[in-house]
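This report concerns only the one structure given below.
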Ligand code: AMP
Ligand code: GLY
């Protein structure tokens, strides 16, 4: 490796990866950021270069990192992590920030996660798991409703059904076991419904030590007032007011510390971003809804907009097992991101719609992160479900929201969908004060 260059490789091509690339490119020591495959937004970022290698092509990604003399690789999405990209990079001596295949099962298998949580006494909803062979229809039909039915495997955020009636629950379970989500539904998890307010709690881990990222909250439903189908996330903001200092302390003691210790004790220490999806009840008690083994999308966009520290320094400290020697510094302002999705999202998505207004956005405060965009004949066109995430900053969540929506209103394409109420819970809390 040439000591004068410090190249970072970001794997993925969504909004989260645009934010990761943008953040790493701000570091004075970073000479270049490669993004594989990236999007039209990363293509226009200073110091950033897209490389046409898919995020799941592990062998080619390792060749790229080796060939370019990359100093640090950061993996955005879960699929390559669950497939073992970090183990492969390690075998080739390439520094890669993310969990290995064994602990990545925390996201890859909900059944694995439930067993892990129960074994280590970490609070979570009560559950039972079934396959086609042992599915107990009568038991499910007798459960109190609402009840939650989940495909155990990776289903791109869609494999969860909150059934309001016994009949709906049985239907959901049977359709999953019959292949509605493919192999992800070969095993299903039936879970008790948890009441409360959700928060995302994301930390960086080095196997032993933890550096918490700023708290955040996302909106999973497609439409205003949290109605409509579940999506990957229509917007997010940071901090999450539900995570008060006392709740933060409880999450660290009752959830994060026992998880990191438990994984190490089970012989699969966790290095990477660990994302706990939590339900916080009225008394401030956290329960784990799910784990992700990567940064959230769209949580990354507002959270990194507030990170003042050099992300590459934090990742390097983690890879050296020395996260206890660094701290993450945060902008005290709130950040809020609004997703602009394509026509048809979250179902059949239309691609190729021409985007206008990007020049006006350049003159506005805040930041427009691209997600599903591509360059075609000198124009930016839509190429995926979530197309952009507009991030604003402000002294209050309300002010951050105003800045974000000024960007949303400047961007246009046929069929664009976005919510108008991102952050409403936080704003209501703010305005009650
Ligand atoms: P998951 O993919 O497990 O995060 O589930 C997706 C969404 O479904 C979560 O963000 C929650 O809004 C909701 N959800 C999942 N499990 C439960 C539960 N046990 N109780 C209430 N809501 C849940
Ligand atoms: N925003 C939810 C996720 O990244 O899974």
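Numbering (this note's numbering), first residue to last: 1023 to 1455. We put the beta carbon where it would ideally sit given N, CA and C, even for glycine.
For residue 1376, count the other beta carbons within 10 Å of its own beta carbon; 16 or more makes it buried, fewer makes it exposed. Which is it?
exposed
Considering residue 1392, what are the terminal residues of the alpha helix (DSSP H) in which it resides?
Segment 1389 to 1392 is the beta strand (DSSP E) holding residue 1392; no alpha helix (DSSP H) there.
Counting Cβ pairs closer than 8 Å, one from the segment 1262 to 1276 and one from the segment 1285 to 1293, do we hit at least three?
no
I'd like to confirm something about residue 1301: is its beta-carbon nearer than 7 Å to some heavy atom of ligand 1, or not?
yes
Write down the C-beta distance between residue 1344 and residue 1228 rounded to the nearest angstrom, noting that I regard them as a contact closer than 8 Å.
Going by Cβ atoms, the distance from residue 1344 to residue 1228 rounds to 7 Å, so yes, they are a contact pair.
Helix, strand or coil for residue 1444, going by three-state DSSP, please let me know.
coil
Within the segment 1039 to 1118, note down every full beta strand (DSSP E) run reaching 3 residues or more, in order along the chain.
The qualifying runs are 1054 to 1059, 1070 to 1072, 1094 to 1097.
Taking the alpha helix (DSSP H) that residue 1325 falls in, what are its first and last residues?
Where residue 1325 is concerned, the enclosing alpha helix (DSSP H) stretches over 1322 to 1328.
Could you check whether the segment 1405 to 1413 touches the segment 1331 to 1349, counting it as contact only if at least three pairs of C-beta atoms, one from each stretch, sit closer than 8 Å?
Too few Cβ pairs lie closer than 8 Å, so no.
Could you give the DSSP three-state label for residue 1267: helix, strand or coil?
Residue state, collapsed to three classes: helix.
Run through the segment 1360 to 1419 for me and flag every whole alpha helix (DSSP H) of 4 or more residues, listed as ranges in chain order.
1380 to 1384
Looking at residue 1404: is its Cβ nearer than 8 Å to the Cβ of residue 1041?
no
Let's see if you can read the secondary structure: which residues bound the beta strand (DSSP E) around residue 1294?
1293 to 1302
Over what stretch of residues does the alpha helix (DSSP H) that includes residue 1228 continue unbroken?
Looking at the DSSP string, residue 1228 is not in any alpha helix (DSSP H); the run it does join, the beta strand (DSSP E), is 1219 to 1228.
Are there any heavy atoms of ligand 1 lying less than 7 Å away from the beta-carbon of residue 1061, as far as the coordinates show?
no
Taking the alpha carbon of residue 1105 as the point to measure from, which residue in 1045, 1311, 1131, 1204 has its own alpha carbon closest?
1131
The alpha helix (DSSP H) with residue 1335 in it runs from where to where?
1333 to 1341
Tell me which same chain residues have a C-beta within less than 8 Å of the C-beta of residue 1427, skipping the five on either side of it?
Only residues of its own chain outside the window of five on either side were considered, and among them 1360, 1412, 1414, 1442 have a CB closer than 8 Å to the CB of residue 1427, listed in chain order.
Would a C-beta distance cut-off of 8 Å place residue 1194 and residue 1167 closer than the cut-off?
no
Mark residue 1161 as exposed unless 16 or more other C-beta atoms lie within 10 angstroms of its C-beta, in which case mark it buried.
exposed
Any chance you could list the beta strand (DSSP E) runs of at least 3 consecutive residues sitting entirely within the segment 1139 to 1163, in chain order?
Counting whole runs of 3 or more residues, the segment 1139 to 1163 contains the beta strand (DSSP E) stretches 1149 to 1153.
Over what stretch of residues does the beta strand (DSSP E) that includes residue 1029 continue unbroken?
Segment 1029 to 1034, the beta strand (DSSP E) holding residue 1029.
Rounded to whole angstroms, how far is the Cβ of residue 1081 from the Cβ of residue 1101, which I believe are closer than 8 Å?
Not really, about 15 Å apart at Cβ, beyond 8 Å.
Nearest CA to the CA of residue 1044: which residue from 1298, 1073, 1067, 1244?
For residue 1044, the nearest C-alpha among the options comes from 1067.
Pull up the CB-CB distance for residue 1448 and residue 1352, whole angstroms please, since I reckon it's below 8 Å.
Incorrect: roughly 16 Å between the Cβ atoms, too far for contact.
Across the segment 1054 to 1065 and the segment 1032 to 1040, are there enough close Cβ pairs to call them in contact, namely three or more that are closer than 8 Å?
yes
What span of residues does the alpha helix (DSSP H) with residue 1194 cover, start to end?
1188 to 1199
Using the beta-carbon count (16 or more within 10 Å), is residue 1136 buried or exposed?
By the 16-neighbour rule on beta-carbons within 10 angstroms, residue 1136 is buried.
The alpha helix (DSSP H) that contains residue 1283, what's its start and end?
1279 to 1287
Is DSSP giving residue 1136 helix, strand or coil here?
helix
CB residue 1391 to CB residue 1063, shorter than 8 Å?
yes
Please state if the CB of residue 1147 and the CB of residue 1214 are separated by a distance shorter than 8 Å.
yes
Is residue 1453 near ligand 1 - that is, is its Cβ less than 7 Å away from at least one heavy atom of it?
Residue 1453: no, Cβ never under 7 Å from ligand 1.
Where does residue 1244 fall in DSSP's three states?
If DSSP states are grouped into helix, strand and coil, residue 1244 belongs with the strands.
Taking the alpha carbon of residue 1226 as the reference point, which residue from 1380, 1191, 1296 has its own alpha carbon closest?
1296
Would you mind reading off the limits of the alpha helix (DSSP H) that contains residue 1351?
Note, residue 1351: premise wrong, no alpha helix (DSSP H); not H, not E.
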